[in-house]
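In the order they appear, the protein sequences are chains E and U.
Heads up: the first sequence runs through residues 815 to 926, numbered per the numbering used here.
Heads up: the second sequence runs through residues 45 to 156, numbered per the numbering used here.
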Amino acid sequence: KAGVTQTPRYLIKTRGQQVTLSCSPISGHRSVSWYQQTPGQGLQFLFEYFSETQRNKGNFPGRFSGRQFSNSRSEMNVSTLELGDSALYLCASSTSAAEKLFFGSGTQLSVL
Amino acid sequence: DQQVKQNSPSLSVQEGRISILNCDYTNSMFDYFLWYKKYPAEGPTFLISISSIKDKNEDGRFTVFLNKSAKHLSLHIVPSQPGDSAVYFCAASALGNNDMRFGAGTRLTVKP
Numbered sequence: 815k816a817g818v819t820q821t822p823r824y825l826i827k828t829r830g831q832q833v834t835l836s837c838s839p840i841s842g843h844r845s846v847s848w849y850q851q852t853p854g855q856g857l858q859f860l861f862e863y864f865s866e867t868q869r870n871k872g873n874f875p876g877r878f879s880g881r882q883f884s885n886s887r888s889e890m891n892v893s894t895l896e897l898g899d900s901a902l903y904l905c906a907s908s909t910s911a912a913e914k915l916f917f918g919s920g921t922q923l924s925v926l
Numbered sequence: 045d046q047q048v049k050q051n052s053p054s055l056s057v058q059e060g061r062i063s064i065l066n067c068d069y070t071n072s073m074f075d076y077f078l079w080y081k082k083y084p085a086e087g088p089t090f091l092i093s094i095s096s097i098k099d100k101n102e103d104g105r106f107t108v109f110l111n112k113s114a115k116h117l118s119l120h121i122v123p124s125q126p127g128d129s130a131v132y133f134c135a136a137s138a139l140g141n142n143d144m145r146f147g148a149g150t151r152l153t154v155k156p
């Protein structure tokens, strides 16, 4: 079974731009969660999608949004990028968000 | 809101000795706890878990202990090996909640 695939691996953007990150979950997994990892902050929960519906959202501003498609693939979007958005963005899939998560390798976003 | 806390950012142990990583949580609704291991440039990988109905779970060299009254769990690695050097994340979820919360991580270094 293929693992969780995230694209792209690296992104460099400038302040004010927007960015879209993509995640393909493990086949059969309907739950996709997104996390932001920054040094010292660990993994901060962004949001979780299940069957195209956002079921839960973390404490991030509205600039951070996401969606899930009928094939369970998910995208997250960050608009009006700020320097502090520089981080590793991790996607994880599972059969249920409260169960064991399987992570992708992440997208390293740098905002200049 | 840091519902899951790992207060030790780093830990260094000698090969062959025991490594003990600690984690505290504040949300009494959490009933499922996990440890993940992360190498640089990779996503976290699941290591071991424990449900709230147990106080101990073993898997080879890894044992997780749960003290519900103290809202504390720990991961023991015996014996520690250089390949165990990584960042370890503690995570927790609650039945019916559609998210998993992570601590800030502890960087373990096992010296040969």
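Glycine is no exception: its CB is placed at the ideal position from the N, C-alpha and C atoms.
| Asked | Found |
| --- | --- |
| Spatial neighbours of LYS827/E in its chain, beta-carbon cut-off 6 Å, leaving aside the 5 residues before and after | VAL833, LEU895 and VAL925 |
| Cβ shell of THR909/E (< 8 Å), same chain only, five flanking positions each side left out | GLY842, HIS843, ARG844 and SER845 |
| Proximity of TYR83/U and ALA136/U at Cβ, strictly below 7 Å | no |
| Sufficient close CB pairs (3 or more, under 8 Å) joining the region 876-892 of chain E to the region 850-866 of chain E | yes |
| Contacts around LYS871/E, its chain only, beta-carbon distance under 7 Å, and the 5 residues preceding and following it disregarded | PHE861 |
| ASP899/E versus LEU923/E, GLN855/E and TYR824/E, residue with shortest Cα-Cα distance | LEU923/E |
| DSSP bridge partner residues for ASP103/U (one or two, in chain order) | PHE106/U |
| Residues bridged to THR852/E [DSSP beta-bridge criterion] | GLY856/E |
| Beta-carbon contacts of LEU897/E that lie in its chain and below 7 Å, excluding the five residues immediately before and after | ARG829 and VAL925 |
| 7 Å Cβ cut-off: residues of chain U touching SER924/E | The premise fails here: SER924/E is roughly 14 Å from chain U at the closest Cβ pair, so nothing lies under 7 Å. |
| Any C-beta of chain U under 7 Å from that of ASN870/E | yes |
| THR107/U versus GLU913/E: straight-line alpha-carbon distance, rounded | 19 Å |
| Same chain only: Cβ atoms within 6 Å of TYR76/U, ignoring 5 sequence neighbours per side | SER95 and SER137 |
| Residue range of the unbroken beta strand (DSSP E) whose run includes HIS116/U | 116-121 |
| Residues near ILE62/U in its chain [Cβ-Cβ closer than 8 Å; skip 5 each side] | HIS120, ILE121, VAL122, PRO123 and SER124 |
| Same chain only: Cβ atoms within 7 Å of PHE874/E, ignoring 5 sequence neighbours per side | LEU860 |
| Identity of the residue in ARG145/U, SER52/U and MET144/U nearest ILE64/U by Cα | SER52/U |
| Beta carbon proximity, GLU59/U to chain E, threshold 7 Å | no |
| Straight-line Cα distance separating SER129/U from PHE916/E | 20 Å |
| Residues bridged to TYR132/U [DSSP beta-bridge criterion] | LYS81/U and THR150/U |
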